[in-house]
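Asks: Sharing a structure here in structure tokens format.
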Amino acid sequence: MTAMRVDVKVVMLGKESVGKTSLVERYVHHRFLVGPYQNTIGAAFVAKPIQVGEKVITLGIWDTAGSERYEAMSRIYYRGARAAIVCYDLTDSSSFQRARFWVKELQNCEEHCKIYLCGTKNDLIQEDRSLRKIDYHDAQDFAEEIGAQHFETSSKTGNNVDELFQKVAEDYNSTAFQYMTGKTKLAWLRLLQAACHIFTDSPGS
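Sequential numbering from 2 applies to the sequence shown in this note's numbering.
If you want it as structure tokens, here you go:
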């Protein structure tokens with residue numbers, strides 16, 4: 002079986018049990034698995050094609066372990082990522098502090114990685130607003146400070162999940178040239194230069 006070509010590497014980061022795996026399950030398989038998840042060890046990978054206008058872009062999604070003991074391993078998986086979905090649990094204030102840690106890591110190590118801030122388990126907040134531990138405006142202010150898009154999602158209901166990944170794909174599509182490797186950019190620029198020479202050297206020019 003031929004491996005699916007991946008256009009953009011997307012990494013899921015955040016404290017353990019914030020719902021990263023549930024988010025991927027909802028988006029890729031359109032399901033919400035009830036019951037305790039087994040904590041991710043290392044990382045899990047899945048490729049998902051998505052329609053953006055007339056193009057199909059394949060997201061390569063890496064669901065990383067949230068436990069601090071796998072922190073060094075997570076760094077391996079976000080290396081070279083063009084998008085990072087940094088998750089926090091709306092009902093757990095410590096998870097937001099952990100999200101801040103991952104944002105700082107990305108800013109220091111992956112300057113070309115676009116960050117998306119994602120609050121999870123919004124369905125619990127809708128059922129009981131007293132469960133909210135991170136104020137929406139505080140999270141939004143932080144997102145604006147770091148130049149990130151901010152989403153509040155629910156893997157249980159599917160709220161805002163498709164919209165989150167759609168935005169990732171659309172942003173990649175609109176800035177794809179910036180993500181080319183140095184060699185690819187050079188080849189592309191040489192092609193453009195050659196085309197310009199052909200045009201300027203043509204008879205009658």
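From the three backbone atoms N, C-alpha and C, an ideal C-beta is built for every residue, glycine too.
As the structure is a computational prediction, the values presented were derived from the model and not from experiment.
Residues bridged to Phe46 by DSSP?
Replies: In the DSSP output, where bridge partners are listed per residue, Phe46 has Trp63.
Asks: Taking contact to mean at least 3 C-beta pairs separated by less than 8 Å, is the segment 130–144 in contact with the segment 45–57?
Replies: The segment 130–144 vs the segment 45–57: no contact.
Asks: Compare the beta carbon distance of Glu17 and Asn40 with 7 Å and say whether it is the shorter of the two.
Replies: Contact: yes.
Asks: With burial defined as no fewer than 16 other Cβ atoms inside 10 Å of the residue's Cβ, what is the status of Glu146: buried or exposed?
Replies: Glu146 should be labelled exposed.
Asks: Taking the CB atoms as reference points, tell me whether Tyr119 and Phe166 lie closer together than 7 Å.
Replies: Per the sequence presented here, residue 119 reads as Cys, with Tyr not at that position. Contact flag unset, no.
Asks: Taking C-beta to C-beta, are Phe60 and Val9 nearer than 7 Å?
Replies: It should be noted that the sequence gives Leu, not Phe, for residue 60. In this structure, Val9 lies closer than 7 Å to Leu60 by Cβ.
Asks: Is the CB-CB distance between Val169 and Ala84 below 7 Å?
Replies: Taking 7 Å as the Cβ cut-off, Val169 and Ala84 qualify as a contacting pair.
Asks: Which residue comes first and which comes last in the alpha helix (DSSP H) that contains Val29?
Replies: Unbroken alpha helix (DSSP H) run through Val29: 21–30.
Asks: Indicate the three-state DSSP secondary structure (helix, strand or coil) for Cys249 in the structure shown.
Replies: Outside the modelled stretch of the chain, which goes from 2 to 206, sits residue 249, for which no answer is possible.
Asks: Check whether the Cβ atoms of Thr65 and Leu24 lie closer than 7 Å to each other.
Replies: For Thr65 and Leu24, no; Cβs fall outside 7 Å.
Asks: Looking at the structure shown, is Ile135 part of a helix, part of a strand, or coil, going by DSSP?
Replies: Coil.
Asks: Tell me whether Leu34 is buried or exposed, calling it buried when 16 or more other Cβ atoms sit within 10 Å of its Cβ.
Replies: Exposed, by the Cβ-count rule.
Asks: Who are the Cβ neighbours of Met2 in its own chain at under 6 Å, not counting the five residues just before and after it?
Replies: Low confidence applies here, because Met2 scores a pLDDT of 43, under 50, leaving its location unreliable; read the following figure in that light. Excluding residues within five positions, none has a Cβ falling inside 6 Å.
Asks: Which same chain residues, not among the five before or five after Glu171, have their C-beta less than 7 Å away from its C-beta?
Replies: Closer than 7 Å at Cβ, skipping near neighbours: Val53.
Asks: When the Cα of Gly148 is compared with those of Glu112, Ser155, Glu128, Asn161, which residue comes out closest?
Replies: Checked all of Glu112, Ser155, Glu128, Asn161; the closest Cα to Gly148 is Glu112.
Asks: Flag this pair as yes or no: are the beta carbons of Tyr89 and Phe97 separated by less than 7 Å?
Replies: Yes, the Cβ-Cβ distance between Tyr89 and Phe97 is below 7 Å.
Asks: If you draw a straight line from the C-alpha of Phe178 to the C-alpha of Cys110, how long is it?
Replies: Confidence in Phe178 is poor, its pLDDT being 46 and thus under 50, which makes the residue's placement unreliable; the coordinate value appears in the next sentence. Roughly 21 Å between the two C-alpha positions.
Asks: Since Val12 and Tyr117 should fall inside the 8 Å C-beta cutoff, what is the C-beta to C-beta distance between them, to a whole number of angstroms?
Replies: Contact doesn't hold; Cβ gap of about 11 Å is too wide.
Asks: Thr154 to Leu132, Cα distance in whole Å?
Replies: Going by the C-alpha atoms only, they are around 15 Å apart.
Asks: Would you report the Cα separation of Arg80 and Ala100, rounded to the nearest angstrom?
Replies: One C-alpha to the other measures close to 17 Å.
Asks: Could you give the uninterrupted runs of the beta strand (DSSP E) lying entirely in the segment 81–105, keeping only those of 3 residues or more?
Replies: Those beta strand (DSSP E) runs which fall completely within the segment 81–105 and span 3+ residues are 84–90.
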